[in-house]
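Q:
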Amino acid sequence: FWVMELQSGIFFLGKTPRPGEIRKWTYQAISHGANGVLYFRWRTTPYGVEQFVYGIPGPDNRLDRRYYEVKRIGEEVRRLEEYVCETTCKSNVAILCSYDNIWSSNMEKDDYGKDFLDDMLSVYKGLWLNHIPVDIVEPSYDLTKYKIIFTPFFYIMNGEVASKLKDYVNSGGILVSDARLAVKNEYNGIFSEPLPGLLTDLFGITIDDFDLVENVGNRKILCTEEAPILKHREILPTTWVEALRPLDKDVVTIAIHKVTWLDGRSAITMHEYGKGKAIYVGTFFSTELVDMMVKDFINNGLIQPIATLNDSYVEIMSRNGRNFSLLFVINHSESYKKVEIRLEKMYNVEEIFDQQHFKTNVLKIDLKPDDVKVLIIK
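For the sequence shown, position 280 (counting from the first letter as 1) is numbered 783 according to this note's numbering, and the numbering increases by one without interruption.
See the structure below:
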């Protein structure tokens, strides 16, 4: 993919990129799969609504720090481009996204307290904290390449997408969905069948009741001792809760509602469907919930992080070639960072920008604020 308009200056008198941030954002885009990055814009326009959306030079056309930062990027990319063109990004996890769900949930955001994009970001952050790469894909995409798929606030559903999700789970995939799933058809009309409607047989449940969360402190979701994931965990529900009723003997109740009139009702369930599993979360996703869930997936060997690193401000991404990998190590903080990454065996390593060569199974990297290191690992 290409990034068509990467911020290069102050945006409507809002955030100005710190020194190093344009470079950092550029390599972050490349590390996630971008083969082209365009900056918005060259010179700042003196007229119209974008007067204060600065380009690389400002209105006075002086060549300042932003210009020299972009110039540096251009020089570095010349060393990097031959490797980037031979690599691809691989993710075992996907988030399902559709514009119909974005638009529909956004219209009713005041009712739920969040919309699709809020919910999707909670999932993304939970994966980010565990250094798990993720693709954001439309329902029409090939889903068979993923081990786990999240469907945040997937409000709108049709028969084609429902069949595709069933085929995915039946073939061995793990589907994780949350509240207000399959409530409406593609015309934004409410289904008359009990929820989750077209996906009832996939999840093996029906939604018996629901409620808004007005006081978080008065509600809890407790995971059972026998739960295959999230064992013994306590979860705070997010803005909405649903009481789930299992319809199939193969449905496992992972968690129950506590402290309110929904006390004892199923809150999170797992259903074996064909070779795979369908997990239903009877509240909206939170970063904390997804973080716990992803850690259990990792511990169970379902997915693996790019690196084991307990620092959410340092991002590690990989692009893989035929006989080498590009490892991007990105510092998203304003502090100096020291990073240690253990590799599974000895590799020949080249730090592209510093042009250092060495052989090791432990990478020790010093990062300045908003700094980026790119390493070739063979």
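Backbone N, C-alpha and C fix where the C-beta goes; we use that ideal spot for every residue, glycine too.
Pull the bridge partners of Gly804 from the DSSP assignment, please.
A: Within the sequence shown, the letter at position 301 stands for residue 804. Gly804 pairs with nothing; no bridge assigned.
Q: Touching or not, the stretch 697 to 709 and the stretch 746 to 758, by the rule of three or more beta carbon pairs under 8 Å?
A: yes
Q: Nearest by alpha-carbon distance to Gly629: which of Glu791, Ile806 and Asp799 is it?
A: The count along the sequence shown starts at 1 and reaches residue 629 at position 126. Answer by Cα proximity: Glu791.
Q: Do you know whose CA, among Ser511, Gly523 and Phe656, lies nearest His835's CA?
A: Numbered from 1 along the sequence shown, position 332 holds the residue referred to as residue 835. Distance check between His835 and each of Ser511, Gly523 and Phe656 places Gly523 closest, using alpha-carbon atoms only.
Q: Output needed for Asp714: all residues of its chain with C-beta closer than 6 Å, excluding positions within five of it in sequence on either side, in chain order.
A: As a first step, residue 714 is located in the sequence shown; it is residue number 211 there, counting from the start. Hits under 6 Å: Val744.
Q: Identify whether Met849 lies in helix, strand or coil by the three-state DSSP scheme.
A: Taking the first residue of the sequence shown as position 1, residue 849 is located at position 346. Strand at Met849.
Q: Going by DSSP, what residues sit across from Arg822 in a beta bridge?
A: Translated into the one-based positions of the sequence shown, residue 822 becomes position 319. Answer is Leu829.
Q: Helix, strand or coil for Leu678, going by three-state DSSP, please let me know.
A: In the sequence shown, the residue the question calls residue 678 occupies position 175. Strand.
Q: Which two residues bound the contiguous alpha helix (DSSP H) that contains Met610?
A: Position 107 of the sequence shown, counting from 1, holds the residue named residue 610. Unbroken alpha helix (DSSP H) run through Met610: Tyr602 to Met610.
Q: With 16 other CB atoms within 10 Å as the buried threshold, where does Pro456 fall?
A: Outside the displayed range of the chain (504 to 881) lies residue 456, so it cannot be described from this structure.
Q: Residues in its own chain within less than 7 Å of Thr591 by CB, not counting five upstream and five downstream?
A: Residue numbering aside, residue 591 sits at position 88 when the sequence shown is read from its first letter. Arg822 and Asn823.
Q: Find the nearest neighbour of Asn886 within the set Arg546, Phe788, Pro749 and Gln510, judged by alpha-carbon distance.
A: Within the shown structure, residues of the chain are numbered from 504 to 881, placing residue 886 beyond reach of any answer.
Q: Please list, in chain order, all residues of the same chain as Pro549 whose beta carbon is under 7 Å from its beta carbon, the five residues on each side excluded.
A: Translated into positions along the sequence shown, residue 549 becomes position 46. Result list for Pro549: Pro562, in chain order.
Q: Measure the C-alpha to C-alpha separation of Cys588 and Asp621 and round it to an integer number of angstroms.
A: Indexing the sequence shown from 1 puts residue 588 at position 85. Indexing the sequence shown from 1 puts residue 621 at position 118. Distance between the alpha carbons of Cys588 and Asp621 is about 33 Å.
Q: When DSSP labels each residue in this structure, what does Ala746 get in the three-state scheme?
A: Residue numbering aside, residue 746 sits at position 243 when the sequence shown is read from its first letter. Note: Ala746 maps to strand in three-state DSSP.
Q: Say whether the stretch 631 to 651 touches the stretch 800 to 808, bearing in mind that this needs 3 or more beta-carbon pairs closer than 8 Å, one atom from each stretch.
A: In short, these stretches touch, since the Cβ pair count reaches three.
Q: How close, in whole Å, do the beta carbons of Leu746 and Gly785 come, if the pair is a contact with beta carbons under 8 Å?
A: One-based indexing of the sequence shown puts residue 746 at position 243. One-based indexing of the sequence shown puts residue 785 at position 282. Note that residue 746 is Ala in the sequence shown here, rather than Leu. Contact holds; Cβ gap of about 7 Å.
Q: Return the CA-CA distance between Ile879 and Asn691, expressed in angstroms with no decimal places.
A: One-based indexing of the sequence shown puts residue 879 at position 376. One-based indexing of the sequence shown puts residue 691 at position 188. Their Cα atoms are separated by approximately 49 Å.
Q: Tell me whether Leu866 sits in a helix, a strand or coil according to DSSP, three-state version.
A: The sequence position of residue 866 within the sequence shown is 363, counting from 1. Leu866: strand per DSSP, three-state reduction.
Q: Please classify Glu572: is it buried, with 16 or more other beta-carbons within 10 angstroms of its beta-carbon, or exposed?
A: Indexing the sequence shown from 1 puts residue 572 at position 69. The residue in question, Glu572, is buried, as its Cβ has 16 or more Cβ neighbours within 10 Å.
Q: Ends of the beta strand (DSSP E) at Val875?
A: Position 372 of the sequence shown, counted from the start, is the residue given in the question as residue 875. For Val875, the enclosing beta strand (DSSP E) starts and ends at Val875 to Ile880.
Q: Assign Trp456 to one of three DSSP states: helix, strand, or coil.
A: Outside the modelled stretch of the chain, which goes from 504 to 881, sits residue 456, for which no answer is possible.
Q: Start and end of the alpha helix (DSSP H) containing Ser534?
A: As a first step, residue 534 is located in the sequence shown; it is residue number 31 there, counting from the start. Where Ser534 is concerned, the enclosing alpha helix (DSSP H) stretches over Glu524 to Ser534.
Q: Count the C-beta pairs between the stretch 531 to 542 and the stretch 507 to 518 that are closer than 8 Å, then say yes if the count reaches three, no if not.
A: yes
Q: What number of angstroms, rounded off, separates the C-alpha of Thr668 from the C-alpha of Ile782?
A: Here residue 668 corresponds to residue number 165 of the sequence shown, with the count starting at 1. Here residue 782 corresponds to residue number 279 of the sequence shown, with the count starting at 1. The sequence shown places Leu at residue 668, rather than the Thr named in the question. Approximately 12 Å, taken between the alpha carbons.
Q: Could you tell me which residues DSSP pairs with Phe653 in its beta bridges?
A: Start at 1 with the first residue of the sequence shown, and residue 653 comes out as number 150. Per DSSP, Ile598 and Val679.
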